[in-house]
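>
Numbering (my numbering), first residue to last: 1048 to 1392.
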């Protein structure tokens, strides 16, 4: 379940503009200068606010389904409507009742672009079996002197593969997910085996640093376990067109900020105070549409790559710490049992 905190300090303003009235056509909010970038598995909250002092500003609808929209790239979930002239304000435009309306959904049109990951040697294992077979065959042909491709350098083959889209080889999303799960299991098993071998060679006797590491792990046990689970989920979703509902939360938990002297200590939901039914104002209704297009420029910046590398290193350190702790405990338990058997004899 995701959590969205409804306080202004937790949000970044990416758009501000004056728009005239438009009752028959959508007003375009052009975010191209500061787009919302989503990576596989990420969840973002979008808050749209109007200072118009009545309920004719932003059109929304009652929630119809668990998911407002769901395709192979993005999922749009329901949220809350906000009827206040103050940004994240808790006083509604009528001066009484609740400014937040639960179980509302987006009405309008969303246009978004899709940037695919490009092949390079370091990313080869993240592509499907068919694509990896293509890369292997191309290099096999290049290594044969009788092949016309033997005159091409490695960089030429890299460039050819880099310009091929990931789905041109008809790799299925399910096969890619299974492949990445197997890679995760294999990596964890290899790391665990290496740690066990190290412990056996040293006889299970660690120095003071080992004791410090074990004690520090106890504080981060849950965090390390969660990191491993999250990474596997993100790898499973990174195929680009997974529509599995298991990884999509059924609802978003939204935290509403505390109010000032004019408001109560906590903003109750619509179901609690009945403001949704008693204020005499009805919700607008409309239809939504979604479309996407492809970006030609699919390269990532150096800063993004550095951040991803730092995140991978941190996850790897936590995984090693988690494995080391559990396998050391298992070895200690085995030693205790063995000594107990010897005493009984």
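Even for Gly, the Cβ is constructed at its ideal location relative to N, Cα and C.
Let me know the secondary structure DSSP gives residue 1073 once reduced to three states.
Stepping through the chain shown from its first residue, residue 1073 is reached at position 26. Coil at residue 1073, not helix or strand.
> Please identify the residue among 1055, 1166, 1105, 1130 whose C-alpha is closest to the C-alpha of residue 1216.
Sequence index remark: in the chain shown, residue 1216 carries index 169 (1-based). The option with the nearest alpha carbon to residue 1216 is 1166.
> According to the neighbour-count rule (16 or more other Cβ atoms, all chains shown, within 10 Å of its Cβ), is residue 1076 buried or exposed?
Taking the first residue of the chain shown as 1, we reach residue 1076 at position 29. With fewer than 16 other Cβ atoms within 10 Å, it is exposed.
> Check whether the Cβ atoms of residue 1151 and residue 1127 lie closer than 7 Å to each other.
As a position in the chain shown, residue 1151 is number 104, starting the count at 1. As a position in the chain shown, residue 1127 is number 80, starting the count at 1. It is a contact, given that the beta carbons lie within the stated cut-off.
> Does the separation of the CB atoms of residue 1185 and residue 1204 fall below 7 Å?
Here residue 1185 refers to the residue found at position 138 of the chain shown. Here residue 1204 refers to the residue found at position 157 of the chain shown. Going by C-beta atoms, residue 1185 is nearer than 7 Å to residue 1204.
> Any contact between the segment 1170-1180 and the segment 1209-1227? By contact I mean 3 or more CB pairs, one from each, below 8 Å.
Output reads yes: the segment 1209-1227 touches the segment 1170-1180.
> Would you check if the segment 1224-1238 and the segment 1190-1200 touch, i.e. whether three or more CB-CB distances between them fall below 8 Å?
Contact fails: fewer than three Cβ-Cβ distances are below 8 Å.
> Taking residue 1060 as the reference, give the member of 1069, 1050, 1134, 1191 with the closest Cα.
Sequence index remark: in the chain shown, residue 1060 carries index 13 (1-based). Selected option, being the one with the closest Cα: 1134.
> Which of the three DSSP states, helix, strand or coil, is assigned to residue 1369?
Your numbering for residue 1369 matches position 322 in the chain shown. Note: residue 1369 maps to helix in three-state DSSP.
> Indicate the three-state DSSP secondary structure (helix, strand or coil) for residue 1158 in the structure shown.
Position 111 of the chain shown holds residue 1158. Strand at residue 1158.
> Indicate the three-state DSSP secondary structure (helix, strand or coil) for residue 1066 in the structure shown.
Your numbering for residue 1066 matches position 19 in the chain shown. Three-state DSSP puts residue 1066 in coil, outside helix and strand.
> Which first and last residues belong to the alpha helix (DSSP H) in which residue 1174 is found?
If you number the chain shown from 1, residue 1174 lands on position 127. Run containing residue 1174: none; DSSP gives neither H nor E here.
> Since residue 1151 is in the beta strand (DSSP E), which residue starts that stretch and which ends it?
Residue numbering aside, residue 1151 sits at position 104 when the chain shown is read from its first letter. Residues 1147-1153.
> Checking the sheet assignment: what are the DSSP bridge partners for residue 1122?
The count along the chain shown starts at 1 and reaches residue 1122 at position 75. According to DSSP, which records beta bridges pairwise, residue 1122 is partnered with 1117.
> In its own chain, which residues sit with a C-beta less than 7 Å from the C-beta of residue 1067, not counting the 5 before and 5 after it?
Here residue 1067 is taken as the residue at index 20 of the chain shown, counted from 1. So the list is empty, once near-sequence residues are dropped.
> Apply the 10 Å Cβ neighbour rule to residue 1099 and answer buried if 16 or more other Cβ atoms are within range, or exposed otherwise.
For the purposes of this step, residue 1099 is taken as the residue at position 52 of the chain shown. By the neighbour-count rule (16 or more Cβ atoms within 10 Å), residue 1099 is not buried but exposed.
> Just to confirm, is the Cβ distance from residue 1110 to residue 1125 under 7 Å?
Residue mapping note: residue 1110 aligns to position 63 of the chain shown, counting from 1. Residue mapping note: residue 1125 aligns to position 78 of the chain shown, counting from 1. The answer is yes: Cβ separation under 7 Å.
> With H, G and I counted as helix, E and B as strand and the rest as coil, what does DSSP make of residue 1056?
Taking the first residue of the chain shown as position 1, residue 1056 is located at position 9. Note: residue 1056 maps to helix in three-state DSSP.
> Compare the C-alpha of residue 1093 against each of 1072, 1050, 1113, 1368 and name the closest.
As a first step, residue 1093 is located in the chain shown; it is residue number 46 there, counting from the start. Among 1072, 1050, 1113, 1368, the Cα nearest to that of residue 1093 belongs to 1050.
> Residues in the same chain with beta-carbon distance under 6 Å from residue 1107, minus the five sequence neighbours each way, listed in chain order, please.
Residue mapping note: residue 1107 aligns to position 60 of the chain shown, counting from 1. Contacts found: 1128, 1151, 1154.
> Return the residue from the list 1057, 1084, 1363, 1372 that minimises the CA-CA distance to residue 1159.
Taking the first residue of the chain shown as 1, we reach residue 1159 at position 112. Residue 1084 is the option with its Cα nearest to residue 1159.
> Using three-state DSSP, classify residue 1086 as helix, strand or coil.
The residue labelled residue 1086 in the question sits at position 39 within the chain shown. Coil.
> Quick one: Cα of residue 1145 to Cα of residue 1091, how far?
Within the chain shown, numbered from 1, the residue matching residue 1145 stands at position 98. Within the chain shown, numbered from 1, the residue matching residue 1091 stands at position 44. Cα to Cα, residue 1145 sits roughly 24 Å from residue 1091.
> Out of 1162, 1221, 1367, which one is the CA nearest neighbour of residue 1120?
Stepping through the chain shown from its first residue, residue 1120 is reached at position 73. Answer by Cα proximity: 1162.
> Which residues mark the beginning and the end of the beta strand (DSSP E) in which residue 1109 is found?
In the chain shown, the residue the question calls residue 1109 occupies position 62. Unbroken beta strand (DSSP E) run through residue 1109: 1107-1109.
> Short check: CB of residue 1057 to CB of residue 1078, under 7 Å?
On the chain shown, residue 1057 is found 10 positions in, with the first residue counted as 1. On the chain shown, residue 1078 is found 31 positions in, with the first residue counted as 1. No. Outside cutoff.
> Confirm, please, whether the CB-CB distance from residue 1368 to residue 1239 is below 7 Å.
Within the chain shown, residue 1239 is the residue found at index 192, counting from 1. Within the chain shown, residue 1368 is the residue found at index 321, counting from 1. No, they are not a contact pair.
> From this set, 1200, 1364, 1171, which residue's C-alpha is nearest residue 1227's C-alpha?
Indexing the chain shown from 1 puts residue 1227 at position 180. It is 1171 whose Cα lies nearest to the Cα of residue 1227.
> Does residue 1137 pass the burial test, meaning 16 or more other C-beta atoms within 10 Å, or should it be called exposed?
For the purposes of this step, residue 1137 is identified with residue 90 of the chain shown, where counting begins at 1. It is buried - the Cβ of residue 1137 has at least 16 other Cβ atoms within 10 Å.
> Taking residue 1398 as part of the alpha helix (DSSP H), name the residues at either end of that continuous run.
Past the boundaries of the shown model lies residue 1398; the chain is included only from 1048 to 1392, so the question cannot be answered.
> Given this structure, state the Cα-to-Cα distance separating residue 1096 from residue 1357, to the nearest angstrom.
As a first step, residue 1096 must be located in the chain shown, where it is residue number 49. As a first step, residue 1357 must be located in the chain shown, where it is residue number 310. Their Cα atoms are separated by approximately 35 Å.
> At the level of alpha carbons, what is the spacing between residue 1130 and residue 1054?
Here residue 1130 refers to the residue found at position 83 when the chain shown is read from its first residue. Here residue 1054 refers to the residue found at position 7 when the chain shown is read from its first residue. The alpha-carbon atoms of residue 1130 and residue 1054 are separated by roughly 15 Å.
> Got a sec? Which residues, its chain only, sit under 6 Å from residue 1188 by beta carbon, not counting five neighbours each side?
As a position in the chain shown, residue 1188 is number 141, starting the count at 1. Cβ within range, chain order: 1194, 1196.
> Rounded to a whole number of angstroms, what is the C-alpha to C-alpha distance between residue 1221 and residue 1230?
What you label residue 1221 is simply residue 174 of the chain shown in a count that begins at 1. What you label residue 1230 is simply residue 183 of the chain shown in a count that begins at 1. Going from the Cα of residue 1221 to the Cα of residue 1230 covers about 14 Å.
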